[in-house]
Structure formats: structure tokens, C-alpha cells
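In the numbering used here, the protein residues as written are 2 to 461. Data first, discussion second: the structure below is written as C-alpha cells.
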Amino acid sequence: MLTSIANIFKIPELRNKVFFTLGMLLLFRLGTHITIPGIDPKVVSAIALDANAAEGLVGMFDMFAGGALLNFSIFALGIMPYISSSIIMQLVMVLVPSLQKLQKEGDEGRKKISQYTKYGTILLCGVQSLAVIRLAQRWSYGADNAPALHPGLIHSSVESWFFFIALLSITTGTVLLIWLGEQITERGIGNGISLLIFAGIVGRLPVSVAQLFRENFVDGLNIIILLLLFILLIALTVLLTQGVRKVPLQYGKQMVGRKMVQAKSQSIPFKVNGASVMPIIFASSLLLFPQTIIQQISELPNWAGWVLLLDYLNPFSQTWYHAAFYFFVYIALIVFFAYFYTAIQFNPGELAENLRKYNGFIPGIRPGSHTKEYIEKVLNRITLPGAVFLAGLALAPYIIIRFLNLGTNSGGGSLVYTFGGTSLLIMVGVALETLKQLESQLLMRNYDGFLKKTKIKGRS
């Protein structure tokens with residue numbers, strides 16, 4: 002491993018790509034500490050010391066933004082608006098035939114779709130920026146009968162202009178992150194957008210670890226249990242990410258020169274978790290949406306029913322059947338979206354038709370409709386255990402926090418969120434893909450890769 006890392010720096014082209022990527026990621030991390038114009042950095046520093054500030058949804062969003070949200074940085078939204086826009090575009094392409102046709106037109110079509118995705122990103126930034134602005138105003142001025150939690154957060158000299166300044170700054174910050182990601186993809190080691198998400202999640206680890214050891218109730222046994230659980234979750238995530246079901250393929254004999262030659266046997270690798278992190282993202286979004294709406298509505302009429310509804314949407318509810326209801330709905334949504342997203346990604350009918358066109362077949366299965374039915378059966382069988390495994394991984398943080406009695410806004414709780422669910426899948430997937438990129442670059446130049454006896458499988 003050490004020899005392979007040293008070999009990277011022996012190749013000038015690869016060395017320049019690695020340094021360029023690290024430079025872009027450093028710019029991203031520096032940008033998370035550049036506050037929106039009008040925000041007082043001294044008050045932001047006080048928020049960082051307030052453990053309650055990172056509680057609940059705000060803390061979860063702050064983790065994925067790499068700490069930029071609670072810093073009220075120009076990168077407060079991170080790269081997530083672009084990810085959301087990409088997901089929406091993928092769903093719209095299934096429903097709009099003209100976009101499907103555009104996708105098949107090669108590079109020009111893909112550039113057009115990328116342009117539409119960026120327009121959608123700007124629109125989503127405008128909407129999501131309102132939540133950040135509202136949070137800053139509520140903490141600075143208070144809301145209704147609630148006092149200001151952090152008075153002076155918004156400087157008095159820009160109160161009348163803060164809305165427009167913040168809206169422009171946050172939107173521009175996200176657009177800048179998209180540009181940084183594209184530069185890493187083109188001039189760095191690749192996977193620019195994924196590496197920015199990875200850097201945002203990993204960037205919170207030192208803060209969470211430091212906070213964990215500052216807490217008075219830290220138990221040495223709990224730390225050992227956490228470490229063992231993290232190793233187990235990482236191992237299970239690698240298995241889930243790399244797990245495939247290979248369907249053997251056979252092609253008919255082909256004429257090569259003057260001889261009839263039997264084509265080599267191949268296989269179609271169907272991933273056990275073909276939907277990746279998308280089911281968790283979709284399920285979390287659907288559960289967070291009513292929770293956010295109810296929280297906003299509950300501030301208007303004084304009705305005790307709002308508190309009860311929110312408790313049913315709280316995974317840490319003290320009433321066991323309220324938490325059980327949340328977990329049941331969460332699991333059901335993850336399983337549903339795993340099937341839904343897999344159905345979007347794979348078209349068994351088109352795949353069967355392509356095999357028939359190129360004289361390929363699955364041994365023992367007749368071409369055409371029988372092949373289509375067989376592929377559907379294989380996908381249905383492998384998607385269910387993959388979805389259940391994915392749901393277990395998504396629920397792991399909540400179970401660990403309850404079992405070890407960790408606070409959701411504590412250092413331990415923050416670490417658990419990082420090593421469970423979406424964040425862990427992203428980190429493992431990006432790490433494996435980056436290793437695959439470096440491995441291929443080393444092998445192209447006759448150097449040993451990171452793994453000499455095995456190959457790193459890509460996520461595609």
C-alpha cells in the first residue's frame with residue numbers, strides 16, 4: 002500500500018492531478034468558514050460552542066454541509082441542491098419522452114441535460130436559501146414570543162438588505178461549488194461532486210471527536226463499543242456496495258476471417274444495491290417534509306395535537322410505539338424507493354431486445370419475452386435483501402444512539418450519524434471509486450496497484 006502511494010508521486014501527471022484535487026478541496030473547506038456578508042463572525046463562534054444549536058434537523062443538515070450551515074457560510078447549502086436537482090431531472094426524464102430522446106443524442110444531449118440541471122439547482126437554491134435566512138433571522142431577532150437565541154447574529158447595518166445579500170451569496174456559493182466539482186472531474190482525479198460531499202462529511206469528524214472527549218458523561222466502554230460498531234458498519238457497507246449477482250451470457254458463433262469462432266462467455270453484473278443511497282434520501286425527504294410543515298404550522302394555532310403529530314415523526318420519541326411507527330414508515334419507504342429507483346435505472350425489455358439483436362442469450366432461457374421475465378425476476382429477488390440491508394444501515398444510527406444513550410446533538414451522536422446511513426454509503430462509495438481511479442492510472446503505467454491480488458469494483 003505504501004509503495005503504491007509512493008508510486009503516485011513518481012508520475013508527474015498523476016501527482017499534479019492529486020495536488021490539484023487537494024487544492025480544490027482545501028478551497029472548499031476554507032469557504033465553509035467565510036460567512037455571509039452581514040453575519041457577525043463573533044456570534045457564529047459562540048454558536049459553535051452551543052451544543053443545542055446543532056440539535057435535530059439543523060444538526061443533520063449541518064453535517065452534510067460540512068459545518069457550513071451553522072457557520073452561516075456562503076456554502077451553507079453545500080452541493081445538495083445540485084444533487085436534488087439531478088435526482089429530480091432523472092425522475093422527469095422517465096416521464097418526458099423528449100428528454101429521453103435528448104439523452105440518447107450523445108455529448109450534445111448530455112450537455113443540454115446538464116444545463117437544465119444547473120438551472121434547476123439555481124431555482125432550488127433560491128427556495129432552500131429561505132430556510133437559512135429564516136433561521137438566521139429567528140436566532141438574531143427572535144420569533145413570536147420566543148426570545149432571540151443569538152442576538153446580534155445579523156449586523157444592524159445590513160438588516161434591511163440582509164435578505165437579498167444572503168440569497169445572492171448562498172446561491173452564488175453553491176454555483177461556485179458546482180464549478181469546483183467540475184474542475185476536479187476534468188483536471189483532477191475525477192468524481193468532483195462526490196469528493197466535495199465526501200470532504201464535507203469527513204470535515205466534521207475532528208469536531209465530533211473533540212466534542213465527544215469534552216463531554217463529561219463519556220464512558221470508555223461506550224467508546225470501545227462505538228469503535229467496534231463503526232468497523233462492523235464499514236465492513237457491511239463495503240459488502241453492500243460491492244455485492245453483485247452475475248447473470249451468465251452466451252453469444253452465438255461469429256465469423257472471424259475464414260473461421261467460425263465461438264464468442265467468449267460473459268455476464269451481466271446486477272448490483273444488490275443498484276439504487277445506492279437514493280432510497281434513503283427519498284425516504285428521509287418525505288419524512289422531513291411533513292415534519293417541517295407541522296413545525297411551521299404549530300407556531301400559529303395553539304393546538305396540542307401538533308405536538309402529538311410531531312412525536313409520531315420523531316425517531317427518538319420516549320413513547321415506544323410512536324418511535325416504532327416512524328421506523329415502520331421509514332423502512333417501508335426505503336424498500337419502496339429501492340424498487341422504484343431500480344425500475345428507473347434498469348429496463349429489462351430494452352436489455353432483452355439488445356441481447357437478441359446482438360445474438361446473445363442467457364443459457365437455458367429463450368430470447369425475447371422469456372429473457373425479459375427472467376431479468377425482472379432476478380432484479381426483484383436481489384432488490385429485496387438489498388433494500389432490507391439498506392434500511393438496517395439507515396436505522397443503525399438511531400438504534401446505536403438509543404442503546405448507548407447518546408445525545409442527538411452530542412459528539413457521540415454526531416459520530417454515529419456520520420458512520421451510519423447515507424453518509425457512510427457516500428464515504429465508502431466515493432473512497433472505493435477514487436481508489437479505482439488511482440488503480441487504473443497506476444496500472445496504465447505498469448505500476449502495481451493498491452490491491453495486487455484483487456480488483457476494485459466500480460459502482461457503475
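Glycine included, C-beta positions come from ideal geometry on N, C-alpha and C.
Check: Straight-line Cα distance separating Ala149 from Arg133; Outcome: Sequence check: residue 133 is Val here, not Arg. Cα to Cα, the separation comes out at about 16 Å.
Check: Span of the beta strand (DSSP E), counted from its first residue to its last, around Lys247; Outcome: Val245 to Tyr252
Check: Leu443 versus Ile281: straight-line alpha-carbon distance, rounded; Outcome: 35 Å
Check: Met279 vs Phe199 beta-carbon contact at 8 Å; Outcome: no
Check: Boundaries of the alpha helix (DSSP H) in which Ser277 is found, first to last residue; Outcome: Counting along the chain, Ser277 falls outside any alpha helix (DSSP H), and DSSP gives it neither H nor E.
Check: Beta-bridge partners of Ile155, as assigned by DSSP; Outcome: Ile40
Check: According to DSSP, residues forming a beta bridge with Phe362; Outcome: Gln251
Check: Start and end residues, alpha helix (DSSP H) containing Asn17; Outcome: Pro13 to Gly32
Check: Phe62, DSSP secondary structure in three states; Outcome: helix
Check: From Gly189, Tyr313 and Ile80, residue whose alpha carbon lies closest to that of Cys126; Outcome: Ile80
Check: Spatial distance of Lys43 from Ser157 (CA atoms); Outcome: 14 Å
Check: Length of the line joining the Cα atoms of Leu15 and Leu181; Outcome: 19 Å
Check: Sequence-distant residues of its chain with Cβ nearer than 8 Å to Leu334 (five each side left out); Outcome: Pro280, Phe283, Ala284, Leu287 and Leu288
Check: With 16 other Cβ atoms within 10 Å as the buried cut-off, status of Arg205; Outcome: buried
Check: Beta-bridge pairing of Ser74 - partner residues as DSSP gives them; Outcome: Thr36
Check: Presumed contact (8 Å Cβ cut-off) between Asn274 and Gly306, rounded CB distance; Outcome: Asn274 to Gly306, Cβ: 39 Å. No contact.
Check: Glu354 versus Gly369: straight-line alpha-carbon distance, rounded; Outcome: 6 Å
Check: Contact check, Ser130 vs Leu78, beta carbons under 8 Å; Outcome: yes
Check: Any 3 or more C-beta pairs closer than 8 Å across the stretch 167-185 and the stretch 29-38; Outcome: yes
Check: Cβ-based burial, Thr384 [other Cβ within 10 Å; buried from 16]; Outcome: buried
Check: Ile1 and Lys18 closer than 8 Å at C-beta; Outcome: Since the first residue of the chain shown is 2 and the last is 461, residue 1 is not available in this structure.
Check: For Ser318, three-class secondary structure by DSSP; Outcome: coil
Check: Val336 to Val429 span [Cα, whole Å]; Outcome: 21 Å
Check: 8 Å Cβ cutoff met for Gly193 and Gly32; Outcome: no
Check: Among Arg135, Ile179 and Leu178, the one whose alpha carbon lies nearest that of Phe165; Outcome: Arg135
Check: Supposed contact pair Ala397 and Leu234 - C-beta distance, whole angstroms, cut 8 Å; Outcome: 6 Å
Check: Residue(s) in a DSSP beta bridge with Phe269; Outcome: Sequence check: residue 269 is Ile here, not Phe. Beta-bridge pairing links Ile269 to Val248.
Check: C-alpha gap between Glu106 and Met94, whole angstroms; Outcome: 14 Å
Check: Presumed contact (8 Å Cβ cut-off) between Leu426 and Thr238, rounded CB distance; Outcome: 6 Å
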